[in-house]
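Engineer: Please read through the structure below; I'll follow up with questions.
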Ligand SMILES: *Cc1c(COP(=O)(O)O)cnc(C)c1O
């Protein structure tokens, strides 16, 4: 099997794989499981620096994004979709599906969002129920200054939804300080648990907006209000994937047990960026996330051939990119378990060797 250096799914540590093999109970009926689920949610809130409750949903990362939009959007609602990347723009689809009117604020995909320019836009138009923004837009590797964007949006009374799937646990995320009403995370990125779970934290203001809707939420699976009283009522809206949650819990504990986790990501990311640039290769855009590096495919080279070359040379799997970046970028995912200096060096060496051929 190739060694994963992709920006999710990432490698899964043995203790997480073992946790998933533990004996299971009936998670609908066993009251101890309600305690376990709640403690796991509290650990998520804790690691994301928020007092807001977290909910773990059974579904891949995309479900969290859709659930935020499904739960907040009423037909006719204007929603500000902050777009400087593929995931950024993608939120417009969810808003449309649930009857909202997405208003795209689109900027150069090479640049991170400039809060001062956004402020100018908002001065002219700020009639939005909520806004969506991506922290790390993975296909291009941008890291947006959510810490500036969300307080700005809130100063205009706009609720904030942040996709931090590819940043959290590789970059610090401070939900309360940054005024994020709904943050979306996933199991398979820097957390390094297998694919299959998404989790969100929901502020009081967001929950209030969901409950004060005039029309019902047009989904069951993507309805965040149905989780609100699971603990009081000892009732989950559907049977919880208990083994996935055992694995997630262990992965969260791994994060908690490593106070230097953000420093580790930073060191590895800086090494990769510096090594590629020193060898004369170009990184895409400005404002890099420490979880992924996107390198521009040099003139005359073929992305697929580079990926195959690295796989053959060193047994390492890298990723290309997709959508508007298909064939144009090569991505190294140095997040979670992938983010260690030894593998970063092997990866860079192999990549440079293949590129020089
Ligand atoms: C990985 C990821 C998701 C989850 O979606 P998939 O495309 O199914 O992997 C959502 N948002 C971002 C920014 C991601 O990187």
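In our numbering, the protein residues as written are 45 to 401. Glycine included, C-beta positions come from ideal geometry on N, C-alpha and C.
What are the start and end residues of the beta strand (DSSP E) that includes residue 398?
Structural biologist: No beta strand (DSSP E) holds residue 398; the alpha helix (DSSP H) holding it covers 385-400.
Engineer: With DSSP collapsed to three states, give me the class of residue 266.
Structural biologist: Three-state DSSP puts residue 266 in coil, outside helix and strand.
Engineer: Counting C-beta neighbours from all protein chains within 10 Å, is the total for residue 300 16 or more, i.e. buried, or is it exposed?
Structural biologist: Looking at its Cβ environment, which holds fewer than 16 other Cβ atoms inside 10 Å, residue 300 is exposed.
Engineer: Keeping to the same chain, check which residues put their C-beta closer than 6 Å to that of residue 306; ignore five residues upstream and five downstream.
Structural biologist: For residue 306, where only same-chain residues beyond five positions count, the Cβ hits under 6 Å are 216.
Engineer: Once DSSP output is grouped into helix, strand and coil, what is the label at residue 278?
Structural biologist: DSSP places residue 278 in coil when its eight states are reduced to three.
Engineer: In its own chain, which residues sit with a C-beta less than 7 Å from the C-beta of residue 211, not counting the 5 before and 5 after it?
Structural biologist: Around residue 211: 179, 180, 187, 217, 333 and 335.
Engineer: I need the straight-line Cα distance from residue 378 to residue 231, nearest angstrom please.
Structural biologist: About 15 Å.
Engineer: Please tell me whether, using a cut-off of 7 Å, the distance from the CB of residue 207 to the nearest non-hydrogen atom of ligand 1 is below it.
Structural biologist: Checking every heavy atom of ligand 1 against the Cβ of residue 207, one is found closer than 7 Å.
Engineer: Nearest-angstrom Cα distance between residue 119 and residue 144?
Structural biologist: Cα to Cα, the separation comes out at about 5 Å.
Engineer: Per DSSP, which residues does residue 84 bridge with? Please list them.
Structural biologist: Residue 84 pairs with nothing; no bridge assigned.
Engineer: Would you decide whether residue 371 is buried or exposed? Buried here means 16 or more other CB atoms lie within 10 Å of its CB.
Structural biologist: Answer is exposed; the Cβ neighbour count stays below 16.
Engineer: I'd like the list of long-range same chain contacts for residue 327, defined as Cβ closer than 8 Å, with 5 residues on each side in sequence excluded.
Structural biologist: For residue 327, where only same-chain residues beyond five positions count, the Cβ hits under 8 Å are 185, 317, 320, 321, 337, 338, 339 and 340.
Engineer: Quick check: the Cα distance between residue 166 and residue 296, rounded to an integer number of angstroms?
Structural biologist: Spanning the two alpha carbons is a distance of roughly 37 Å.
Engineer: Tell me the start and end of each unbroken alpha helix (DSSP H) in the segment 50-120 that is at least 4 residues and wholly inside, in chain order.
Structural biologist: Fully enclosed alpha helix (DSSP H) runs of 4 or longer: 58-63, 75-91 and 105-116.
Engineer: With respect to the beta strand (DSSP E) encompassing residue 125, which residues constitute its N-terminal and C-terminal limits?
Structural biologist: Element bounds for residue 125: 122-127.
Engineer: So, using beta-carbon positions, are residue 245 and residue 96 closer together than 8 Å?
Structural biologist: A contact, by the Cβ cut-off of 8 Å.
Engineer: Can you tell me whether residue 346 is helix, strand or coil according to DSSP?
Structural biologist: Coil.
Engineer: Find the nearest neighbour of residue 62 within the set 345, 292 and 311, judged by alpha-carbon distance.
Structural biologist: It is 292.
Engineer: Rounded C-beta distance between residue 266 and residue 111? I'm assuming under 8 Å.
Structural biologist: Contact holds; Cβ gap of about 4 Å.
Engineer: Determine the DSSP secondary structure at residue 315, reduced to helix, strand or coil.
Structural biologist: If DSSP states are grouped into helix, strand and coil, residue 315 belongs with the helices.
Engineer: Consult DSSP for residue 301 and reduce its assignment to one of helix, strand or coil.
Structural biologist: Coil, per DSSP.
Engineer: Considering only heavy atoms of ligand 1, does any lie closer than 7 Å to the CB of residue 406?
Structural biologist: Outside the shown range of the chain, which is 45 to 401, sits residue 406, and nothing can be said about it.
Engineer: Return yes when the Cβ of residue 381 is within less than 8 Å of the Cβ of residue 147, no when it is not.
Structural biologist: No, the pair does not count as a contact, with Cβ atoms beyond the cut-off.
Engineer: When burial is assigned at 16 or more other CB atoms within 10 Å of the CB, is residue 273 buried or exposed?
Structural biologist: Burial call: exposed.
Engineer: Taking the beta strand (DSSP E) that residue 243 belongs to, which residues open and close that run?
Structural biologist: Segment 241-246, the beta strand (DSSP E) holding residue 243.
Engineer: Distance check for residue 125 and residue 67, CA to CA, integer angstroms please.
Structural biologist: Using only the alpha carbons, I get a separation of about 43 Å.
Engineer: Using the C-alpha atoms, what's the distance from residue 280 back to residue 80?
Structural biologist: Their Cα atoms are separated by approximately 13 Å.
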